[in-house]
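Reading through the structure tokens given below for one structure.
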Amino acid sequence: MLTEKRKQLVSARERVKNGLTKLLETNVLVDKMKLDLSALEPVLLTKSQDVEALMDKLAEDQENADQTMTLTKARLVRAGKLTAALGDEQVRWEESIQKFNEEISNIVGNVFIAAACVAYYGAFTAQYRQLANRWIRNKESKNGLKIIKLTDSNFLRTLENAIRLGLPVLLEELRETLDPALEPILLKQTFISGGRLLIRLGDSDIDYDKNFKFYMTTKLPNPHYLPEVQAAGLEPPA
51 MLTEKRKQLV SARERVKNGL TKLLETNVLV DKMKLDLSAL EPVLLTKSQD
101 VEALMDKLAE DQENADQTMT LTKARLVRAG KLTAALGDEQ VRWEESIQKF
151 NEEISNIVGN VFIAAACVAY YGAFTAQYRQ LANRWIRNKE SKNGLKIIKL
201 TDSNFLRTLE NAIRLGLPVL LEELRETLDP ALEPILLKQT FISGGRLLIR
251 LGDSDIDYDK NFKFYMTTKL PNPHYLPEVQ AAGLEPPA
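Here is the structure:
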């Protein structure tokens with residue numbers, strides 16, 4: 051029995067010895083790992099700083115990208131508005147070219163009529179010149195001629211309706227002073243807006259029909275109009 055116990059004791063001692071040996075080896079390994087970790091700490095610190103710098107750079111790049119996107123969107127909006135405006139201008143230019151071509155083709159006849167008017171109005175009396183007024187009435191009556199005077203209370207309303215519908219208008223008994231509201235008509239200051247041909251009359255922008263015609267006659271024997279009125283293309287008095 052004693053021998054058996056000795057064997058167990060020896061076995062226990064061996065196990066303890068082996069355990070101590072393994073513990074010692076483990077401690078040595080732990081110490082080595084601590085040394086390795088201590089050596090890696092500066093590297094890890096550098097890497098951590100690099101990561102933080104990279105994150106800051108990414109945040110800055112993201113902010114710059116957002117600003118660039120906002121600026122690009124604003125430019126696209128402005129470009130869209132400019133494109134739409136240029137589209138309206140193209141329509142106006144095409145109409146102007148067509149109008150100029152028509153005027154060029156009619157220039158000989160217009161010069162002939164102007165010369166005839168100068169001779170006619172200067173040589174004949176008011177009684178004969180009144181024939182021009184009647185000629186306009188007869189010529190345009192079938193086209194819905196509207197006859198107005200500056201003294202009429204509703205002359206602007208009548209003029210506006212005629213412009214919208216493309217009807218001829220005869221302004222009679224013209225004095226030497228004109229209503230300022232007539233200036234856009236005399237200068238043909240039409241413009242394109244939203245694809246519509248408009249003209250300013252008074253305080254409103256109204257649709258302008260290209261068939262609209264405007265005649266003016268006066269009973270004054272020798273009227274004197276301001277230079278700006280003559281420059282507006284005022285025909286000689288009838």
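Numbering (this note's numbering), first residue to last: 51 to 288.
Quick reminder that beta carbons are idealized off the backbone N, C-alpha and C, glycines included.
Just to confirm the assignment: which complete alpha helix (DSSP H) runs, minimum length 4, are found wholly within the segment 218 to 255?
Within the segment 218 to 255, the complete alpha helix (DSSP H) runs of at least 4 residues are 233 to 236.
Quick one: Cα of A165 to Cα of I249, how far?
Approximately 30 angstroms, taken between the alpha carbons.
State the CB to CB distance for the pair F205 and I198, rounded to an integer number of angstroms; the pair is presumed to be in contact (CB under 8 angstroms).
4 angstroms between Cβ atoms; contact.
Tell me whether the beta-carbon of N261 lies closer than 8 angstroms to the beta-carbon of G216.
Contact flag set, yes.
In whole angstroms, what separates the C-alpha of K67 from that of A109?
Rounded to whole angstroms, K67 to A109 spans 59 angstroms at the Cα level.
Identify, in the order they occur along the chain, each residue of the same chain with its Cβ nearer than 6 angstroms to the Cβ of D253, setting aside the five sequence neighbours on each side.
Nothing listed; no residue qualifies.
Is the separation between the beta-carbon of M266 and that of L221 shorter than 8 angstroms?
In this structure, L221 lies closer than 8 angstroms to M266 by Cβ.
Could you tell me if I163 is buried or exposed, where buried requires 16 or more neighbouring beta carbons within 10 angstroms of its beta carbon?
Per the 10 Å Cβ criterion, exposed.
Return no unless some Cβ of chain D is closer than 8 angstroms to the Cβ of D257.
In the displayed structure, chain D is absent; only one protein chain is listed.
Any idea if P218 is buried or exposed, counting beta-carbon neighbours within 10 angstroms, 16 or more meaning buried?
Buried: at least 16 other Cβ atoms inside 10 Å.
From R63 to D81, what distance separates their C-alpha atoms?
When rounded, the distance between both Cα atoms is 27 angstroms.
Can S146 be considered in contact with the ligand SAH, in the sense that its beta carbon sits closer than 7 angstroms to one or more heavy atoms?
Absence of the ligand SAH is noted for the structure shown, with no ligands found whatsoever.
Where do the N-terminal and C-terminal ends of the alpha helix (DSSP H) with F205 fall, by residue?
F205 to L215 is the extent of the alpha helix (DSSP H) around F205.
Please report how far the alpha carbon of S146 lies from the alpha carbon of G159, in whole angstroms.
Cα to Cα, S146 sits roughly 20 angstroms from G159.
Would you kindly work out how many angstroms separate the C-alpha atoms of A95 and R56, rounded to a whole number?
The question names Ala, but residue 95 is Leu in the sequence shown. In a straight line, the C-alpha of L95 is about 57 angstroms away from that of R56.
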